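Undergrad: Chain order of the listed sequences is D and A. When you line the first sequence up against my numbering, it's residues 1 to 333, in that order. When you line the second sequence up against my numbering, it's residues 1 to 172, in that order. No residue lacks a Cβ here, since even glycine has one placed at the ideal position from N, Cα and C. Keep in mind that this is a model prediction, so the values were computed, not measured. Would you mind keeping the following structure in view while I ask a few things?
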Amino acid sequence: MLRLPRFTYHRPTSAAEAVKIAADHGPASQYVAGGTDLYPNMKRRVQTPTEVIALSGCADLVGVSGSAAEGITVGAMTTLTSLEKDPALQAAHPALVHAASVISTPLLRNMGTIGGNLLLDTRCNYYDQSHEWRESISFCMKCSGDTCWVAPSSPRCWAVQSSDTVPLLCAVGAEVSLIGPEGERRIPVADLYQDDGIAFTTKKPGELLTHLHLPAVDGTWRASYRKLRRRDTFDFPVLGIGAWLRFDGDVCTAAEIRIGGAGSYAIPATKTAELLIGEKLVAGDAAAEERITAAAQEAFKPTRAMDNTDHFASWRKKMAPVFVARALRDCLG
Amino acid sequence: MTAPKVLGGFVVNGERHQTAFQPHRTLLEVLREDLDLTGTKHGCELGECGACTVLVDGTPVLSCLVLALEAQGKDVTTIEGLADGPDLHPLQDFFAELGASQCGYCSAGFMLAAKKLLEDNPDPTRDEIRRALSGNICRCTGYIKIFEAVELAARRLRGEDATPSREALHGQ
Numbered sequence: 001m002l003r004l005p006r007f008t009y010h011r012p013t014s015a016a017e018a019v020k021i022a023a024d025h026g027p028a029s030q031y032v033a034g035g036t037d038l039y040p041n042m043k044r045r046v047q048t049p050t051e052v053i054a055l056s057g058c059a060d061l062v063g064v065s066g067s068a069a070e071g072i073t074v075g076a077m078t079t080l081t082s083l084e085k086d087p088a089l090q091a092a093h094p095a096l097v098h099a100a101s102v103i104s105t106p107l108l109r110n111m112g113t114i115g116g117n118l119l120l121d122t123r124c125n126y127y128d129q130s131h132e133w134r135e136s137i138s139f140c141m142k143c144s145g146d147t148c149w150v151a152p153s154s155p156r157c158w159a160v161q162s163s164d165t166v167p168l169l170c171a172v173g174a175e176v177s178l179i180g181p182e183g184e185r186r187i188p189v190a191d192l193y194q195d196d197g198i199a200f201t202t203k204k205p206g207e208l209l210t211h212l213h214l215p216a217v218d219g220t221w222r223a224s225y226r227k228l229r230r231r232d233t234f235d236f237p238v239l240g241i242g243a244w245l246r247f248d249g250d251v252c253t254a255a256e257i258r259i260g261g262a263g264s265y266a267i268p269a270t271k272t273a274e275l276l277i278g279e280k281l282v283a284g285d286a287a288a289e290e291r292i293t294a295a296a297q298e299a300f301k302p303t304r305a306m307d308n309t310d311h312f313a314s315w316r317k318k319m320a321p322v323f324v325a326r327a328l329r330d331c332l333g
Numbered sequence: 001m002t003a004p005k006v007l008g009g010f011v012v013n014g015e016r017h018q019t020a021f022q023p024h025r026t027l028l029e030v031l032r033e034d035l036d037l038t039g040t041k042h043g044c045e046l047g048e049c050g051a052c053t054v055l056v057d058g059t060p061v062l063s064c065l066v067l068a069l070e071a072q073g074k075d076v077t078t079i080e081g082l083a084d085g086p087d088l089h090p091l092q093d094f095f096a097e098l099g100a101s102q103c104g105y106c107s108a109g110f111m112l113a114a115k116k117l118l119e120d121n122p123d124p125t126r127d128e129i130r131r132a133l134s135g136n137i138c139r140c141t142g143y144i145k146i147f148e149a150v151e152l153a154a155r156r157l158r159g160e161d162a163t164p165s166r167e168a169l170h171g172q
């Protein structure tokens, strides 16, 4: 039976109190939101905080506020089910609602939160295993060892970015607020991540992600999220494409495409975006379809799929242009 | 090191319980091992199967990933609380009648997830049932019997005729 390791449990009632507890206990502490990522990791002994700071009592981290025109703010402890069912978000941010609705299962979404999903640990077939399994082949570099088993000669860890909301939120230019011992800061979601399987966020020690800020909806942009996985439930993305296009009339004036599930962060498909800017893109138009297919093909190269998730890496890489094209077509309305 | 126990109180199936447990123990462990409510099953214990589903304040959650401490002061419903005295819940009746419960390991989780669905949506489509139960895995039935049992339970709860078809009971 997989039991949790022993720990001391803290239940602050505000974000400020949570940050203070984390500062008092340093690296031995860890925040827990819904627990759907941390507790399995603790059961597998890949994360072993001795001070667990539960955020479930922090009322200041829950809820959806603001307006579509000014920008909606979502508290980090808002559950994925609440986010999925929120009428304001459904109307203003259907792509985000869709991305949240395809995370794991309804039961997990009742527990999991948007903050937790943003900070979902990177995943790897050699890491998301029991202590005994990992020990039997010698521990990998993400936990207790020094070899990356998917690329043994690599000096770095290649664990995979696996959150569904992150590629989309990077693409649409959303922001997050963090508070920590050094005060509060607000940064683009894209700046919260870096290309490393172990140190995959830029969150500073003791910092707490408190809110997600969505961009204002002004009718000039559309976004989409497309997910590839084996089963239509439970599974993490083995490709998760976030796409965002801004239009002036029929002409695309800005584009951002992020490839999730194919590297340690949501990789920008820069060349794809460049090929679309300035182009006339109308749904159903044969020329637009050609442009999208050609631009999407450029997503093949930056996709760094490796054999450390479900499906063959070579097939996932081939699927990247297909899913990018689908996400872009969604953005044509 | 033995972590000090804490005294937790929650209402399980309408009964108030007070029990002492260590902070790292999950609701699943306390239900099964301290309260002897073994109807809730432990499956994968990692959130990948749905066997341990219980209702906390009416919402289906995975008891293997909820600390017992987090359920303090809340209303917990397990499969033992589904029947009304000697009368089985319609979901239990139809799971038994149709063979929607075969080895039975997943059944408690399915029925509790379905209970919430039918409270929110008394007349769900097959697709809505499929979605609501997509966090529960069954390795025996192939799911069709489970979906039919939920549809029949919904009909009975709506006060409509809920006679299973001959095909549902005996196959073609």
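Could you pull out every unbroken beta strand (DSSP E) segment of at least 3 residues lying fully inside the region 53-90 of chain D, listed in chain order?
TA: Taking only runs of at least 3 residues, the beta strand (DSSP E) segments lying wholly in the region 53-90 of chain D are 64-67 and 71-75.
Undergrad: Which stretch, first to last residue, makes up the beta strand (DSSP E) that contains Glu60/A?
TA: For the record, residue 60/A in the displayed sequence is Pro; it is not Glu. Looking at the DSSP string, the run of the beta strand (DSSP E) that includes Pro60/A is Thr59 to Leu62.
Undergrad: Are Leu208/D and Ile187/D close, meaning C-beta to C-beta below 8 Å?
TA: Contact flag unset, no.
Undergrad: Can you have a look at Gly73/A and say buried or exposed, based on whether 16 or more other CB atoms are within 10 angstroms of its CB?
TA: By the Cβ-count criterion, Gly73/A is exposed, with fewer than 16 other Cβ atoms from all chains shown falling within 10 Å of its own Cβ.
Undergrad: Quick check on Leu89/D - is its C-beta less than 8 Å from some C-beta in chain A?
TA: no
Undergrad: Taking Gly112/D as the reference, give the member of Arg11/D, Asp248/D, Glu132/D and Leu55/D with the closest Cα.
TA: Leu55/D
Undergrad: By the three-class DSSP mapping on this structure, what secondary structure does Trp221/D have?
TA: In the structure shown, Trp221/D sits in a strand (DSSP, three-state: E or B).
Undergrad: Hey, does Glu70/A have any beta-carbon neighbour from chain D nearer than 8 Å?
TA: yes
Undergrad: Please state the DSSP three-state secondary structure of Phe10/A.
TA: strand
Undergrad: Alpha carbon to alpha carbon, what distance is there between Ala100/D and Arg156/A?
TA: 33 Å
Undergrad: Let me know if Trp133/D comes out buried or exposed under the rule of 16 or more other beta-carbons within 10 Å of its beta-carbon.
TA: exposed
Undergrad: Tell me which residues of the region 227-241 of chain D have at least one Cβ-Cβ distance to chain A shorter than 8 Å, keeping chain order.
TA: Under the 8 Å Cβ criterion, the region 227-241 of chain D contributes Asp232, Thr233 and Phe234.
Undergrad: Leaving out the 5 sequence neighbours to the left and right, which residues in its chain are closer than 6 Å to Glu298/D when beta-carbon positions are compared?
TA: Lys271 and Thr272
Undergrad: Give the residues of chain E in contact with Ala54/D, contact being defined as C-beta atoms less than 9 Å apart.
TA: Protein chains in the displayed structure are D and A, and chain E is not among them.
Undergrad: Where does Thr141/A land, buried or exposed, given buried means 16+ other C-beta within 10 angstroms?
TA: buried
Undergrad: Is the region 101-120 of chain A in contact with the region 84-103 of chain D, if contact means three or more CB pairs nearer than 8 Å?
TA: no
Undergrad: Quick one: measure Cβ to Cβ for Asp191/D and Ile103/D, integer angstroms, because I've assumed they're closer than 8 Å.
TA: 23 Å between Cβ atoms; not a contact.
Undergrad: Starting from Gln92/A, trace the alpha helix (DSSP H) both ways and give me its first and last residue.
TA: Pro90 to Leu98
Undergrad: Please decide whether Ser117/D counts as near chain A, where near means a Cβ-Cβ distance under 8 Å.
TA: Correcting the residue type first, residue 117/D is Asn in the shown sequence and not Ser. For Asn117/D, no Cβ of chain A is located within less than 8 Å of the residue's own Cβ.
Undergrad: Does Arg126/A pass the burial test, meaning 16 or more other C-beta atoms within 10 Å, or should it be called exposed?
TA: exposed
Undergrad: Mind listing which residues of the region 24-45 of chain D have their C-beta closer than 7 Å to chain A's C-betas, in chain order?
TA: Gly35, Thr36, Tyr39, Pro40 and Lys43
Undergrad: Counting contacts by CB-CB distance shorter than 8 Å, is Ser191/A in contact with chain D?
TA: Here chain A has residues from 1 to 172 only, and residue 191/A is not among them.
Undergrad: Quick one, are the C-beta atoms of Thr201/D and Ser177/D less than 8 Å apart?
TA: no
Undergrad: Round the Cβ separation of Ile277/D and Pro268/D to the nearest angstrom and send it over; I've been treating them as touching at under 8 Å.
TA: About 14 Å; that fails the 8 Å criterion.
Undergrad: For Met77/D, would you say it is in contact with chain A, using Cβ-to-Cβ distances shorter than 8 Å as the test?
TA: Against chain A, the CB of Met77/D has no partner CB under 8 Å away; the residue lies outside that interface.
Undergrad: Please report the distance separating the alpha-carbon of Ala171/D from that of Gly159/A.
TA: 49 Å
Undergrad: Among the residues of its own chain, which have a CB less than 6 Å from the CB of Asn125/D, if the five just before and after it don't count?
TA: Asn308
Undergrad: With a cut-off of 8 Å, do at least 3 Cβ pairs link the region 111-131 of chain A to the region 26-34 of chain A?
TA: no
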